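Residue numbers (my numbering): 1164 to 1620.
Worksheet for the structure shown next.
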Ligand code: ARG
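Okay, here's the thing in structure tokens:
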């Protein structure tokens, strides 16, 4: 296929160089955004009298036909084309003759690609937000069922204080709600139109960039045309937000993996989201969670690929920037894939409250509450802390737990101990009495559920 820019050259491009240079295999997926952008451009050219109204209408009609033909599989995207922009224009010219050649007036592929990526990411960001909402909904289902299911809460992976399963799950819900906010915020900054920046310096034609921006649903235009074609910070912001989503999913995965091990057995993943082993008949592996944890590295890598691509290039457009799309698409695809599997995996997992409760009953998880018991009876916290430390040591020595140590033993440490200490340090009391805002008590859990339910809508 002859290149559009062949006029300046006396020799055809080497086949290998041609293949190396081509980005169609990657950017073909932006055909819809490319054509939509071109339709707005043609409308602007017509409105401004740069081409006639009739020409503008014919070009728009031709473009919408191309879009329909690709959608319906009647037109195959030619992998010999240099990129999606060249492909669409060449089909238009084949179909409309010289008129097709007028589309690229007052435009460059540099502003065109910057536009297409924004339109593409805007659509994908909407989908990703919807997927995060699905996951939050799955979390809410489990949380509603387990508002009072007691489990050990951990710090340093050591049993720390009793919490509810709902409380732990809702923590992920909160993180994911901020992921939505982060993505929405990045989209708001991205929603600025670069089209009309042209190659870099603007144009001598009397264009109306605001008209095009408005037609394409942008809030504003890039005020500096060099910036408009040069930067990809909007991609970086979204890819950072996606990397953070993956970090959250990865931590959640790690817990799901731990919780489904025989050492914990706090949950049982549904058979439809687990796999067996080829050799060990007893195995039921949490492969989905492990893969999500594993794929997190890719999304971090995608972010670093683009950061590194951009760091050394001068303004304005450089071909290096063609590399943006592979990393960006991989980041988008991976985060979507992971969210899509995660929601039903969480939705179908089954908690095993007995095991959680038993684990909470060991490990002196109520030691803080015992210290607080003394404090409420008048002992300063540091002294109470010391007494309870000694009691824990005594229990370990006698191979018992605080709940079962006789009152007489308690009294040897402090006269303040009474029969009521046993209800005070029961797991149920420890959880119910944590009434501080955001804590593990029931009223707080209900508030958290309500908050997240509003976000999911
Ligand atoms: N395929 C190119 C890209 O993705 C389009 C822009 C090309 N512009 C240029 N001046 N070569 O970046």
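C-beta: ideal position from N, C-alpha, C; glycine also.
Note that the coordinates shown come from a computational prediction; the quantities given were computed from them, not determined experimentally.
Item, Value
"Using only CA atoms, which one of 1539, 1544, 1527 and 1587 lies nearest to residue 1554?", "1527"
"Considering only the beta carbon of each residue, do residue 1463 and residue 1409 sit closer than 9 angstroms?", "yes"
"Determine, using beta carbons only, whether residue 1515 and residue 1428 come nearer to each other than 9 angstroms.", "yes"
"Can you tell which of 1591, 1587, 1611 and 1590 has the C-alpha that lies nearest to the C-alpha of residue 1600?", "1611"
"Less than 8 angstroms between C-beta atoms, sequence neighbours within five positions excluded: which residues of the same chain meet that for residue 1169?", "1175"
"Less than 8 angstroms between the CB atoms is what I'm expecting for residue 1453 and residue 1207, so what's the real figure, rounded?", "The pair is not a contact, with the Cβ atoms about 51 angstroms apart (cut-off 8 angstroms)."
"Which residue comes first and which comes last in the alpha helix (DSSP H) that contains residue 1574?", "1570-1576"
"Just checking my contact of residue 1213 with residue 1373 at CB under 8 angstroms: how many whole Å lie between their CB atoms?", "About 15 angstroms; that fails the 8 angstroms criterion."
"So residue 1339 and residue 1306 are supposed to be a Cβ contact under 8 angstroms. How far apart are they, rounded?", "No, residue 1339 and residue 1306 are not in contact; Cβ-Cβ is about 13 angstroms, not under 8 angstroms."
"Consider the Cβ of residue 1556: report whether some Cβ of chain C lies at a distance smaller than 9 angstroms.", "No chain C is present in this structure, which holds just one protein chain."
"For my contact list, residue 1285 and residue 1353 are in at a C-beta cut-off of 8 angstroms; report their separation, rounded to the angstrom.", "7 angstroms"
"Beta-carbon separation of residue 1423 and residue 1449 under 9 angstroms?", "yes"
"Just list the alpha helix (DSSP H) runs in the region 1304-1389, keeping only unbroken ones of 4 residues or longer that don't cross its boundaries, in chain order.", "1328-1353 and 1372-1378"
"Does residue 1405 pass the burial test, meaning 16 or more other C-beta atoms within 10 Å, or should it be called exposed?", "buried"
"Based on the DSSP output, what are the partners of residue 1448 in its beta bridges?", "1438"
"Do residue 1195 and residue 1241 come within 9 angstroms of each other at the CB atom, strictly closer than that value?", "no"
"Taking 7 angstroms as the limit between beta carbons, can you name the residues of its chain near residue 1250, skipping five residues before and five after?", "1187, 1240, 1241 and 1244"
"Between which two residues does the alpha helix (DSSP H) carrying residue 1491 extend?", "1487-1511"
"Let's test the definition: count the other Cβ atoms within 10 Å of the Cβ of residue 1275 and tell me whether it reaches 16, buried, or not, exposed.", "buried"
"Say whether the region 1463-1483 touches the region 1431-1444, bearing in mind that this needs 3 or more beta-carbon pairs closer than 8 angstroms, one atom from each stretch.", "no"
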